[in-house]
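A.B. asks:
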Amino acid sequence: MKQSNCMEEKLDNPNQSEDMDELMSDFNSMKKRTPDVIEFKDKMKGEQSTALLGKRKEVNEKNFLYRFDGPSLHILDKKSRTIIASYTVEEFSDVRLILSDSSRPCEVRVFERIR
694 MKQSNCMEEK LDNPNQSEDM DELMSDFNSM KKRTPDVIEF KDKMKGEQST ALLGKRKEVN
754 EKNFLYRFDG PSLHILDKKS RTIIASYTVE EFSDVRLILS DSSRPCEVRV FERIR
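The sequence shown begins at 694 in the working numbering and counts up one residue at a time.
(1) Do you know offhand how far S769's Cα is from S786's?
(2) Which residues in the same chain as I791 place their Cβ atom closer than 7 angstroms to its Cβ, once the five residues preceding and following it in sequence are excluded?
(3) Of the choices I731, S796 and D714, whose alpha-carbon is the least far from that of I776?
(4) On the three-state DSSP scale, how would you describe D794?
(5) Which residues mark the beginning and the end of the beta strand (DSSP E) in which T743 is found?
(6) Please report the Cβ distance between N756 and E732, rounded to the nearest whole angstrom; I am assuming they are in contact, meaning their Cβ atoms lie under 8 angstroms.
(7) What does the alpha-carbon distance come out to for the pair K736 and F761?
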């Protein structure tokens, strides 16, 4: 999974100072380096986990409910089934899923199929 955010877009300009470059370097170093694995299952269920090298089982498994209607993907609360997050689907193919946060369109997540 690759992810970009609104801060990078605002600060990405040719007139940046060295201090701003250093700040962005620090900001990027805090990003999560371990990729997440997200599996969309039948019956609107999904699972997010972190795959670690050398481990057979993923860690930090989180189950969730979702609703996919083509142009948008909604993450639902497990008990009430109300929408807790919405994403606009930019691209949906056999190998790639690109989502942008509906409330913050500059935040983009790119998912690639693993085999």
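Glycine included, every Cβ here is placed at the ideal spot set by N, Cα and C.
C.D. replies: Taking the structure as given:
(1) Checking the sequence shown, residue 769 turns out to be Leu, not Ser. Using only the alpha carbons, I get a separation of about 23 angstroms.
(2) E783, E784, V801 and V803
(3) S796
(4) strand
(5) K738 to T743
(6) N756 to E732, Cβ: 10 angstroms. No contact.
(7) 11 angstroms
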